[in-house]
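This report refers to the structure that appears directly beneath it.
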Amino acid sequence: MNRHLLPDEFDLLVDEEIGFGVPELQAHVRDCSRCHAELESARAVMAHIDRLPHIAPSPMFAEKVMSQVNVFEPWHVAATNTVRALMPRHRPVRIALGVAALTSCFTLTTMVLWIASRFESAVLLAGVAYDGASSAALSMLAGIAGPRTVAALQAGGTPMVLTLASVMLVVAVASVVGLRRASRLLAAQSRP
Amino acid sequence: MPLLPDLANLPDADVVLLAQQGRDAAFRELLRRYERPVFSLVFRMVRDRDTAEDLAQESFIKVLNNIDRYRPEFKFSSWLFKIANNVAIDHLRKRTINTVSLEGSRYATTTAEAESTTIPVASKDQSALEEMESRELGSAIEKAVASLRPEYRSCILLRHVEDRSYEEIAATLDLPLGTVKTYIHRARHELRQALEDVR
Numbered sequence: 202m203n204r205h206l207l208p209d210e211f212d213l214l215v216d217e218e219i220g221f222g223v224p225e226l227q228a229h230v231r232d233c234s235r236c237h238a239e240l241e242s243a244r245a246v247m248a249h250i251d252r253l254p255h256i257a258p259s260p261m262f263a264e265k266v267m268s269q270v271n272v273f274e275p276w277h278v279a280a281t282n283t284v285r286a287l288m289p290r291h292r293p294v295r296i297a298l299g300v301a302a303l304t305s306c307f308t309l310t311t312m313v314l315w316i317a318s319r320f321e322s323a324v325l326l327a328g329v330a331y332d333g334a335s336s337a338a339l340s341m342l343a344g345i346a347g348p349r350t351v352a353a354l355q356a357g358g359t360p361m362v363l364t365l366a367s368v369m370l371v372v373a374v375a376s377v378v379g380l381r382r383a384s385r386l387l388a389a390q391s392r393p
Numbered sequence: 054m055p056l057l058p059d060l061a062n063l064p065d066a067d068v069v070l071l072a073q074q075g076r077d078a079a080f081r082e083l084l085r086r087y088e089r090p091v092f093s094l095v096f097r098m099v100r101d102r103d104t105a106e107d108l109a110q111e112s113f114i115k116v117l118n119n120i121d122r123y124r125p126e127f128k129f130s131s132w133l134f135k136i137a138n139n140v141a142i143d144h145l146r147k148r149t150i151n152t153v154s155l156e157g158s159r160y161a162t163t164t165a166e167a168e169s170t171t172i173p174v175a176s177k178d179q180s181a182l183e184e185m186e187s188r189e190l191g192s193a194i195e196k197a198v199a200s201l202r203p204e205y206r207s208c209i210l211l212r213h214v215e216d217r218s219y220e221e222i223a224a225t226l227d228l229p230l231g232t233v234k235t236y237i238h239r240a241r242h243e244l245r246q247a248l249e250d251v252r
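Chains A and B, in that order, are what the protein sequence lines are. When the letters of the first sequence are read in order and numbered with our numbering, they come out as residues 202 to 393. When the letters of the second sequence are read in order and numbered with our numbering, they come out as residues 54 to 252.
Here is the structure:
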């Protein structure tokens, strides 16, 4: 090489790059006192910059940040954690529980298949269950709201029941949304 | 809740995954790992401790509250530095707009007019800054770094203090690789000139 190094070539050497052309630059620096001095000076400055320390923020920095971070546990993680928390710690107990769960599943599946294979019996059983459930619900409603409400409901038929169910659903959703909003507002107010 | 693994030994990607699952300890671990690097970067950009603290906090809050949007193909630290750098640059831009020249009005036509519009530098601020420089940062190198243009400063700090590759810096600052190389080259040149008397 019959010239001095270009600025970009100094950068290659300062960054300690290896690759095509670099050995030639290194050889030149060994022979050329001017480029050698310039490279050493660049390296010395960069060594100072490399040694700049990290600076610590105030001791309460992390707490201040965390007070404004919403740590949110997704529903699937919450569900998994709940299941894990319910699981027994000892392996033999876990195995026994697993066997019991499998047996229950097997029994239930067999029952369902048996009922399904006898369709007429299944319909009859479903009808009996429906009648039992509806009479239980009606007697419960009569206990809460009185027999006149039950009579009005029975007179109104399915549309009346559906309307009532919709109103209850709307009230429930509005209550949940309202409570969530109120808790968020309270949390925001309690932040420093 | 099941026991957490030893967070200090986990790579960033795993800690972020735990944070995405709502683990408070994972958020704190990310803070522990990066509070100093992020604060240092922001402090060296804005040169004021209180402002740097506010901006570093803002950066962490943005990142941690949006942890579910983190894309694993990007390094977490690069994402964090990107937000912190953007926050610092935005602050510097706003400050430039709000800054009034201390040297007197640029519309002054005579020396007397210029002098009458000159704002005296508050000695308290000046001495506080000087004291901080001498005590905490306090060297010609810090001053030389501070004198660089903000975009050169981010590049040189990421390269030399945070030990990032050129490619990582380009991804962090959303700049072409060639621009990053140019900025670093110019920054080094300016630093060498600024430190010539000191060495």
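Every residue gets a Cβ at the ideal spot worked out from N, C-alpha and C, and that includes glycine.
Once the 5 residues before and after residue i are set aside, which same chain residues still bring their CB inside 6 Å of it?
i: Val140 of chain B; result: Leu108, Glu111, Ser112
Taking the alpha-carbon of residue i as reference, which of the options has the nearest alpha-carbon?
i: Thr235 of chain B; options: B:His144, B:Asn62, B:Lys147, B:Ile209; result: B:Ile209
i: Ala228 of chain A; options: A:Ala245, A:Ala243, A:Glu210; result: A:Glu210
i: Ala280 of chain A; options: B:Gly75, B:Leu201, B:Leu83, B:Pro125; result: B:Gly75
i: His213 of chain B; options: A:Leu354, A:Ser322, A:Arg285, A:Ile250; result: A:Ile250
i: Leu240 of chain A; options: A:His205, A:Leu326, A:Ser336, A:Ala317; result: A:His205
i: Gln390 of chain A; options: A:Ala286, A:Ser268, A:Val324, A:Leu303; result: A:Ser268
i: Ala257 of chain A; options: B:Arg148, B:Leu63, B:Ile222, B:Arg86; result: B:Arg86
i: Pro260 of chain A; options: B:Arg122, B:Asn119, B:Leu84, B:Lys135; result: B:Leu84
i: Val270 of chain A; options: B:Asn118, B:Ala66, B:Ala78; result: B:Asn118
i: Ser192 of chain B; options: A:Gly220, A:Pro348, A:Leu253, A:Met288; result: A:Leu253
Given residue i, which residues of its chain have a CB within under 7 Å of its CB, disregarding the five upstream and five downstream residues?
i: Val99 of chain B; result: Ala105, Leu108, Ala141, His144, Leu145
i: Leu190 of chain B; result: At Leu190 of chain B, the pLDDT of 41 sits below 50, so the modelled position is not reliable; the number obtained from the coordinates is stated separately. Within the same chain, Leu190 of chain B has no close Cβ partners at all.
i: Ala197 of chain B; result: Leu244, Ala247, Leu248
i: Ala383 of chain A; result: none
For residue i, which three-state DSSP category applies?
i: Tyr123 of chain B; result: coil
i: His238 of chain B; result: helix
i: Cys208 of chain B; result: helix
i: Asp107 of chain B; result: helix
i: Ala257 of chain A; result: coil
i: Arg292 of chain A; result: helix
i: Lys128 of chain B; result: coil
i: Val270 of chain A; result: coil
i: Ser218 of chain B; result: coil
i: Cys236 of chain A; result: helix
i: Asp332 of chain A; result: helix
i: Pro224 of chain A; result: helix
i: Ile390 of chain A; result: The residue asked about is misnamed: residue 390 of chain A is Gln in this sequence, not Ile. Gln390 of chain A falls in the helix class under three-state DSSP.
i: Thr171 of chain B; result: In this prediction, Thr171 of chain B has a pLDDT of 40, which is less than 50 and means its spatial position is unreliable; what the coordinates show is noted afterwards. The answer is coil: DSSP assigns Thr171 of chain B none of H, G, I, E or B.
i: Ser112 of chain B; result: helix
i: Leu155 of chain B; result: Below a pLDDT of 50, predicted positions are generally treated as unreliable, and Leu155 of chain B, at 41, falls in that range; the measurement from the model is reported next regardless. Coil, per DSSP.
Cβ atoms of residue j and residue i: under 8 Å apart, would you say?
i: Glu88 of chain B; j: Ala263 of chain A; result: yes
i: Glu220 of chain B; j: Leu228 of chain B; result: no
i: His255 of chain A; j: Ser131 of chain B; result: no
i: Arg206 of chain B; j: Arg97 of chain B; result: yes
i: Leu133 of chain B; j: Val95 of chain B; result: no
i: Phe80 of chain B; j: Val272 of chain A; result: yes
i: Ile114 of chain B; j: Val266 of chain A; result: yes
i: Leu342 of chain A; j: Thr350 of chain A; result: yes
i: Val68 of chain B; j: Leu60 of chain B; result: yes
i: Val233 of chain B; j: Ala240 of chain B; result: no
Mind reading off the beta-carbon distance from residue i to residue j? Whole number of angstroms is fine, and I expect it under 8 Å.
i: Glu243 of chain B; j: Leu201 of chain B; result: 6 Å
i: Ala323 of chain A; j: Ala317 of chain A; result: 6 Å
For residue i and chain D, any beta-carbon pair shorter than 8 Å?
i: Ile256 of chain A; result: As a matter of chain content, chain D is missing from the structure shown, whose protein chains are A and B.
By Cβ distance, which residues of its chain are closer than 8 Å to residue i, with the 5 residues on each side in sequence left out?
i: Ser187 of chain B; result: Because Ser187 of chain B carries a pLDDT of 46, less than 50, the predicted location of this residue cannot be relied on, and the following value inherits that uncertainty. Result list for Ser187 of chain B: empty, nothing under 8 Å.
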